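Engineer:
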Amino acid sequence: MAHHFRGVLLAILVQLALAWPAAAQTGASCPLGPGGSPISFSLPDNDGVMRSPAQFKGRVLIVNHADPDHRDTNEAVSEAVKQAVESGKLAKDLVVGLGIADCQASWLPNTLIRAIGKFKARKYGSAVLYDTTGEVRRCWGLPPRNSTIVVLDKNGVCRFIASGKMDQAKIPEFIGLVASLEREPLAGQTSGPGDAAQSRPIEPTQY
123 MAHHFRGVLL AILVQLALAW PAAAQTGASC PLGPGGSPIS FSLPDNDGVM RSPAQFKGRV
183 LIVNHADPDH RDTNEAVSEA VKQAVESGKL AKDLVVGLGI ADCQASWLPN TLIRAIGKFK
243 ARKYGSAVLY DTTGEVRRCW GLPPRNSTIV VLDKNGVCRF IASGKMDQAK IPEFIGLVAS
303 LEREPLAGQT SGPGDAAQSR PIEPTQY
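In our numbering, the protein residues as written are 123 to 329.
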């Protein structure tokens with residue numbers, strides 16, 4: 123009886139040991155949440171240039187990760203950010219928009235997805251990256267067949283995440299959040315004397 127139990131236990135341990143590398147290779151992780159530092163990635167843009175969130179450190183990064191079939195779900199958010207930059211509510215040199223097309227989740231051909239992405243990039247002055255393997259969705263634990271807005275602060279920490287269509291009434295609050303993150307100093311830096319009140323930390327947000 124004891125010998126049989128030890129044999130079963132050994133078999134389970136061997137299976138776990140074999141499964142661990144496979145899990146690591148798929149990039150599986152806990153879902154991304156406010157206050158967390160997302161797993162980095164590198165994906166191509168329309169010109170084939172590889173980009174990653176780390177390249178935008180020092181700026182507030184607004185990520186729209188979307189199944190191309192849901193590409194217009196948060197169009198109102200993109201429009202609001204664009205208008206806020208044009209009106210000076212948000213600083214163009216401190217805020218970056220990044221679209222991530224989850225190509226694996228869509229039935230659309232990649233050529234069409236890239237054409238749509240190129241149009242969006244021109245319209246909003248942002249970069250669009252193409253994920254053909256679903257890497258970001260798995261690594262960040264995002265829901266499939268959806269649109270998810272993620273905001274990373276200047277230090278690359280998640281300060282906001284919301285899936286699905288953002289309520290129109292919440293968009294001004296969202297713009298205010300991004301503006302507040304603009305004023306927060308980069309880790310290791312100190313804000314100027316007049317910025318002390320403006321750069322106070324704000325609570326991470328999740329809807």
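Beta carbons are placed, not taken as given, at the ideal position from N, Cα and C, and that holds for glycine.
Keep in mind it's a predicted model, so treat the numbers as computed, not measured.
Inspect the CB distances between the region 229-244 and the region 186-202 and report whether three or more fall short of 8 Å.
Structural biologist: yes
Engineer: Whole-angstrom Cβ separation of residue 280 and residue 158, contact assumed at under 8 Å?
Structural biologist: On the sequence shown, residue 280 is found 158 positions in, with the first residue counted as 1. On the sequence shown, residue 158 is found 36 positions in, with the first residue counted as 1. Yes, residue 280 and residue 158 are in contact; Cβ-Cβ is about 5 Å, under 8 Å.
Engineer: Measure the alpha-carbon distance for residue 260 versus residue 207 and round it to whole angstroms.
Structural biologist: Counted from its first residue, the sequence shown places residue 260 at position 138. Counted from its first residue, the sequence shown places residue 207 at position 85. Those two C-alpha atoms are separated by around 31 Å.
Engineer: Helix, strand or coil for residue 310? Go by DSSP, reduced to three states.
Structural biologist: Counting from one through the sequence shown, the residue named residue 310 turns up at place 188. Three-state result, residue 310: coil.
Engineer: If I measure Cβ to Cβ from residue 175 and keep anything under 8 Å in the same chain, skipping five residues before and after, which residues do I get?
Structural biologist: Residue 175 sits at position 53 when you count from the first residue of the sequence shown. Cβ neighbours of residue 175 within its own chain (closer than 8 Å, five residues either side excluded): 160, 162, 163, 183, 185, 220, 274, 278.
Engineer: Three-state secondary structure (DSSP) at residue 224?
Structural biologist: Translated into positions along the sequence shown, residue 224 becomes position 102. For residue 224, the secondary structure class from DSSP, reduced to helix, strand or coil, is strand.
Engineer: Looking only at its own chain, which residues have a Cβ that is under 6 Å from the Cβ of residue 204, when we skip the five neighbours before and after it?
Structural biologist: Taking the sequence shown and counting its residues from 1, the one referred to as residue 204 is at position 82. Excluding sequence neighbours, residue 204 sits near 246.
Engineer: Quick check on the burial criterion: 16 or more other C-beta atoms within 10 angstroms. Buried or exposed for residue 248?
Structural biologist: Taking the sequence shown and counting its residues from 1, the one referred to as residue 248 is at position 126. Buried.
Engineer: Leaving out five residues on either side along the sequence, give the residues of the same chain with a beta carbon under 8 Å from the beta carbon of residue 293.
Structural biologist: Position 171 of the sequence shown, counted from the start, is the residue given in the question as residue 293. Within the same chain, residue 293 has close Cβ partners 198, 199, 202.
Engineer: Roughly how many whole angstroms lie between the Cα atoms of residue 177 and residue 276?
Structural biologist: Against the sequence shown, residue 177 aligns to sequence position 55. Against the sequence shown, residue 276 aligns to sequence position 154. Roughly 11 Å separates the two Cα atoms.
Engineer: Between residue 151 and residue 262, what straight-line distance do the alpha-carbon atoms span, to the nearest angstrom?
Structural biologist: Against the sequence shown, residue 151 aligns to sequence position 29. Against the sequence shown, residue 262 aligns to sequence position 140. Below a pLDDT of 50, predicted positions are generally treated as unreliable, and residue 151, at 44, falls in that range; the measurement from the model is reported next regardless. The alpha-carbon of residue 151 is positioned some 7 Å away from that of residue 262.
Engineer: Any heavy atom of the ligand MN inside 7 Å of the beta-carbon of residue 228?
Structural biologist: With respect to the ligand MN, the structure shown offers nothing to examine, as it has no ligands at all.
Engineer: Between residue 251 and residue 222, how many whole angstroms is the CB-CB distance? I'm expecting something under 8 Å.
Structural biologist: Residue numbering aside, residue 251 sits at position 129 when the sequence shown is read from its first letter. Residue numbering aside, residue 222 sits at position 100 when the sequence shown is read from its first letter. Residue 251 to residue 222, Cβ: 5 Å. Contact.
Engineer: Mind reading off the beta-carbon distance from residue 301 to residue 234? Whole number of angstroms is fine, and I expect it under 8 Å.
Structural biologist: In the sequence shown, counting from the first residue as 1, residue 301 sits at position 179. In the sequence shown, counting from the first residue as 1, residue 234 sits at position 112. Actually they do not touch by this definition, with Cβ atoms about 35 Å apart.
Engineer: Looking only at C-alpha atoms, which of 256, 289, 168, 306 sits nearest to residue 241?
Structural biologist: Mapped onto the sequence shown, residue 241 falls at position 119. The shortest C-alpha separation from residue 241 is found at 168.
Engineer: CB-CB under 7 Å to residue 236, same chain, minus the five flanking residues each way: which ones, in chain order?
Structural biologist: For the purposes of this step, residue 236 is taken as the residue at position 114 of the sequence shown. So the qualifying residues of the chain are 168, 252.
Engineer: Leaving out the 5 sequence neighbours to the left and right, which residues in its chain are closer than 6 Å to residue 195 when beta-carbon positions are compared?
Structural biologist: Looking up residue 195 in the sequence shown gives position 73. The answer, listed in chain order, is 269, 287.
Engineer: When the Cα atoms are used, what is the spatial distance from residue 166 to residue 255?
Structural biologist: Walking along the sequence shown from the start, residue 166 turns up at place 44. Walking along the sequence shown from the start, residue 255 turns up at place 133. Taking the straight line from one Cα to the other gives about 12 Å.
Engineer: Which of the three DSSP states is assigned to residue 162 in this structure?
Structural biologist: Indexing the sequence shown from 1 puts residue 162 at position 40. Reduced to three states, the DSSP call for residue 162 is coil.
Engineer: If distances are taken between C-alpha atoms only, which option among 244, 238, 258, 171 comes closest to residue 153?
Structural biologist: By 1-based counting over the sequence shown, the position of residue 153 is 31. Nearest of 244, 238, 258, 171 to residue 153, Cα basis: 258.
Engineer: Going by DSSP, which residues form a beta bridge with residue 280?
Structural biologist: Reading the sequence shown from its first residue, position 158 is the one you call residue 280. Answer is 274.
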